[in-house]
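Engineer: In my numbering, the protein residues as written are 31 to 306.
My questions will all concern the structure given below.
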């Protein structure tokens, strides 16, 4: 979910639907909105010559979309063998139960309440399906249960709502925490430096072909917003709503409720660090 529209200087690029890398294909859910951008990206991931595929974030409970995901895999000669969730927001996970029925797959997630089957997901875990390798990356902050999935063979990372293809994501206070989110962005940045990750396959918006640039942008944006919030408080704007009206004055008002969640997370962060 996004808290802002496209911002000057943000890296962007790639496809909205269809093949994105050698191993990842996007099926765009029909749920566009100010919060979901063009809609939720449902990812089908598999080795090119393998029969088994993994689906990441089936998306909303939309029967036509879920069946379209299955049909897209079948047209490519694939059988969906596993379903994974980046986090539990409904635009990513609401359709998971029905999708599991359609595909007879297990659903694996960090949050036990979202799982169908006995297996969860753990940071650093390597998931192997049909020769495909996905590495679980712990990225709390947007939500407490947020995960990313590194796709080493394509030098890519599937980021859910942690990094979007356009705009910036919200920190969904109180479940989401800014300190954890900043740590998660730094963890993703390290993948671009240490593991050569080049491509972001986001949960919303287009593919980003400069992963390091996108994550650096996110870190700079967060630092800028945090400084703005700190200054607003110093000037007497104490409530989250007042801070939003000042700091996010140039943002569509329909996004202010999401922005207020991020501001609450920022205020909490500033208090915890003795800055206000």
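Note that the Cβ used here is the ideal one computed from N, Cα and C, for glycine as well.
What does DSSP give as the partner residue(s) for residue 180 in the beta ladder?
Structural biologist: Answer is 165 and 187.
Engineer: Whose C-beta lies closer than 7 Å to the C-beta of residue 42 among residues of the same chain, with five residues either side of it excluded?
Structural biologist: Low local confidence applies: a pLDDT of 47 at residue 42 is under 50, so the model's placement there is unreliable, with the coordinate-based value given in what follows. Here the set comprises 195, 196, 236 and 238.
Engineer: What are the complete alpha helix (DSSP H) segments, minimum 4 residues, inside the stretch 254–280?
Structural biologist: Complete alpha helix (DSSP H) runs here, min 4: 270–277.
Engineer: Check this for me: beta carbons of residue 246 and residue 207, under 8 Å apart or not?
Structural biologist: Contact: no.
Engineer: What three-state label does DSSP hand residue 287 in the structure shown?
Structural biologist: Helix at residue 287.
Engineer: Name the residue from 185, 132 and 254 whose alpha carbon lies nearest to the alpha carbon of residue 224.
Structural biologist: It is 185 whose Cα lies nearest to the Cα of residue 224.
Engineer: DSSP state of residue 89, grouped into three classes?
Structural biologist: Three-state result, residue 89: coil.
Engineer: Compare the beta carbon distance of residue 262 and residue 290 with 8 Å and say whether it is the shorter of the two.
Structural biologist: Not in contact: residue 262 and residue 290 (Cβ atoms no closer than 8 Å).
Engineer: Please specify which runs of the beta strand (DSSP E), each continuous and at least 3 residues long, are wholly inside the stretch 55–116, giving them in chain order.
Structural biologist: Listed in chain order, the complete beta strand (DSSP E) runs (minimum 3 residues) inside the stretch 55–116 are 71–75, 82–86 and 109–114.
Engineer: Considering Cα atoms alone, identify which of 81, 260, 153 and 46 is closest to residue 70.
Structural biologist: If we check each option's Cα against that of residue 70, 46 comes out closest.
Engineer: What's the C-alpha gap between residue 87 and residue 214?
Structural biologist: Spanning the two alpha carbons is a distance of roughly 20 Å.
Engineer: Between which two residues does the alpha helix (DSSP H) harbouring residue 120 extend?
Structural biologist: That run of the alpha helix (DSSP H) goes 120–123.
Engineer: When you compare only the Cα positions, how much space is there between residue 125 and residue 119?
Structural biologist: If you take the alpha carbons of residue 125 and residue 119, they lie about 11 Å apart.
Engineer: Say whether the stretch 71–78 touches the stretch 151–162, bearing in mind that this needs 3 or more beta-carbon pairs closer than 8 Å, one atom from each stretch.
Structural biologist: Touching, per the Cβ criterion.
Engineer: Apart from the five residues on each side of it in sequence, which residues of its chain come closer than 6 Å, Cβ to Cβ, to residue 155?
Structural biologist: 166, listed in sequence order.
Engineer: Among the residues of its own chain, which have a CB less than 6 Å from the CB of residue 251, if the five just before and after it don't count?
Structural biologist: Excluding residues within five positions, the ones whose Cβ falls inside 6 Å are 198.
Engineer: Quick check on this structure: which residue in 90, 136, 140 and 105 has the alpha carbon closest to the alpha carbon of residue 173?
Structural biologist: Nearest C-alpha to residue 173: 140.
Engineer: Exposed or buried, residue 284, counting other C-beta atoms within 10 Å across all chains shown (16 or more means buried)?
Structural biologist: Classification of residue 284: exposed, given that the 10 Å Cβ count is below 16.
Engineer: Classify residue 254 as buried or exposed, calling it buried when 16 or more other Cβ atoms lie within 10 Å of its own Cβ.
Structural biologist: Looking at its Cβ environment, which holds fewer than 16 other Cβ atoms inside 10 Å, residue 254 is exposed.
Engineer: Does DSSP put residue 142 in a helix, in a strand, or in coil?
Structural biologist: Looking at residue 142 - three-state DSSP - the assignment turns out to be helix.
Engineer: For residue 66, which residues in the same chain have their Cβ closer than 6 Å to its Cβ, ignoring the five residues on either side in sequence?
Structural biologist: Result list for residue 66: 121 and 234, in chain order.
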